[in-house]
Amino acid sequence: MTGTGDEKHYGHGPEEVDAPERKKPWPEKQKGPVLLRRDQVGTSTTDQRLLDTTGPTDWLHTDPWRVLRITSEFVEGFGALAELPAAISVFGSARTAVDSPEYAAGVAIGRALAEAGYAVITGGGPGAMEAANRGASDAGGLSVGLGIELPFEQGLNEFVDLGLNFRYFFVRKTMFVKYAQGFVVLPGGLGTLDELFEALTLVQTRKVTRFPVILFGSAYWGGLVEWLKNTLIAQGKASQHDLELFHVVDEVEDVLKILAETRRPNGTAV
Numbered sequence: 031m032t033g034t035g036d037e038k039h040y041g042h043g044p045e046e047v048d049a050p051e052r053k054k055p056w057p058e059k060q061k062g063p064v065l066l067r068r069d070q071v072g073t074s075t076t077d078q079r080l081l082d083t084t085g086p087t088d089w090l091h092t093d094p095w096r097v098l099r100i101t102s103e104f105v106e107g108f109g110a111l112a113e114l115p116a117a118i119s120v121f122g123s124a125r126t127a128v129d130s131p132e133y134a135a136g137v138a139i140g141r142a143l144a145e146a147g148y149a150v151i152t153g154g155g156p157g158a159m160e161a162a163n164r165g166a167s168d169a170g171g172l173s174v175g176l177g178i179e180l181p182f183e184q185g186l187n188e189f190v191d192l193g194l195n196f197r198y199f200f201v202r203k204t205m206f207v208k209y210a211q212g213f214v215v216l217p218g219g220l221g222t223l224d225e226l227f228e229a230l231t232l233v234q235t236r237k238v239t240r241f242p243v244i245l246f247g248s249a250y251w252g253g254l255v256e257w258l259k260n261t262l263i264a265q266g267k268a269s270q271h272d273l274e275l276f277h278v279v280d281e282v283e284d285v286l287k288i289l290a291e292t293r294r295p296n297g298t299a300v
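Right under this line is the structure:
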């Protein structure tokens, strides 16, 4: 039976109720799992926007696109570094002068690590990073540089054999930690301190399998260690046991000895 427009509808009881007034249809569009109605419905399709080379480029700077770039950096990093041999990350200042004792120490450490069979990972820049890469390269070892996009620093130094450049600090830091069995920290500035304390925090909170963190140069690091003891720990902001998370040494031989005590095949825990 066709309707006449005067139909009566019944509710839950026997009484008759007026039929609801029919509303004017609204625009509706399904966009993947998302339902769009009324003013949310656009006039273009996903494929159209993909293939339109003359469209706006604001999407390059949106957060969803950044997520994809971040993911790509992780994928590239994991792919490039997954087959590294046992490796040590070496940190230090980009401002270390080539003719300084600290630069010479970096070269000696890089060379000794390579001769001991380690790959050497640095931030890939100049200064102390270049020194460690140079020592590893001179010794025929694998010299790795993980650079970062900065407005005031140059690219990877010439002694890097395997290099990656990152946009995001946190992706780069993940690579430093994931593919290293230990950290050697030469004198450095804010960036070096950032990397140092991130490593200590990860070990302290057991977010990573414990690995050695070695501060090279007691004259440089002594003041920091005293502050940790006399201020941080003395005021209850950290535990006395936290001082056991790192070592302070002045000799390359001591670096190798500490690393040898904790060395393990790649991919295995202590």
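For the sequence shown, position 69 matches number 99 in the working numbering, and the numbering has no gaps at all. All C-beta atoms in this analysis are idealised placements derived from N, C-alpha and C, irrespective of residue type, glycine included.
Asked, Found
"C-alpha distance - residue 125 paired with residue 224, whole-angstrom precision", "16 Å"
"Nearest-angstrom Cβ-Cβ length linking residue 230 and residue 275, presumed shorter than 8 Å", "5 Å"
"Enclosing beta strand (DSSP E) for residue 150 [first to last residue]", "149-152"
"Residue span of the alpha helix (DSSP H) that contains residue 201, given as start and end", "199-208"
"Residues sharing a beta bridge with residue 244, DSSP", "214 and 277"
"Extent of the continuous beta strand (DSSP E) run through residue 195", "192-196"
"Residue 235 classed as buried or exposed, judged by whether at least 16 other C-beta atoms fall within 10 angstroms", "exposed"
"Member of 208, 94 and 55 whose CA lies at the smallest distance from the CA of residue 118", "208"
"Span of the alpha helix (DSSP H) around residue 282", "282-292"
"Beta strand (DSSP E) segment containing residue 120, residue limits", "117-121"
"Residue 300 versus residue 288 - alpha carbon distance", "Any reading at residue 300 is ruled out, since the residue's pLDDT is 38, under 50, leaving its predicted position unreliable."
"Bridge partners - residue 178, DSSP secondary structure assignment", "196"
"Strand pairing of residue 173, partner residues [DSSP]", "150"
"Rounded distance between the beta-carbons of residue 177 and residue 158, thought under 8 Å", "With a Cβ gap of about 15 Å, residue 158 and residue 177 do not count as contacting."
"Host alpha helix (DSSP H) of residue 156 (start-end)", "Element bounds for residue 156: n/a, residue is neither H nor E."
"Proximal residues to residue 293 (C-beta, below 8 Å), its chain only, five neighbours per side dropped", "116 and 211"
"Cβ pair residue 121, residue 185 closer than 9 Å", "no"
"Candidates 266, 216, 101 and 129: closest to residue 282 by CA position", "216"
"Three-way DSSP call (helix, strand, coil) for residue 135 in this model", "helix"
"Burial state of residue 267, where buried means 16 or more other Cβ atoms lie within 10 Å", "exposed"
"6 Å CB neighbourhood of residue 265 in its chain, flanking five on each side removed", "none"
"Straight-line Cα distance separating residue 205 from residue 23", "Outside the displayed range of the chain (31 to 300) lies residue 23, so it cannot be described from this structure."
"Candidates 218, 272 and 252, of which the one nearest residue 232 by Cα", "272"
"N- and C-terminal bounds of the alpha helix (DSSP H) containing residue 130", "Here residue 130 belongs to no alpha helix (DSSP H), and DSSP marks it neither H nor E."
"Proximity below 9 Å, CB of residue 110 to CB of residue 140", "no"
"Span separating the alpha-carbon of residue 189 from that of residue 279", "26 Å"
"Where residue 101 falls: helix, strand or coil (DSSP)", "helix"
"Contact check, residue 187 vs residue 163, beta carbons under 9 Å", "yes"
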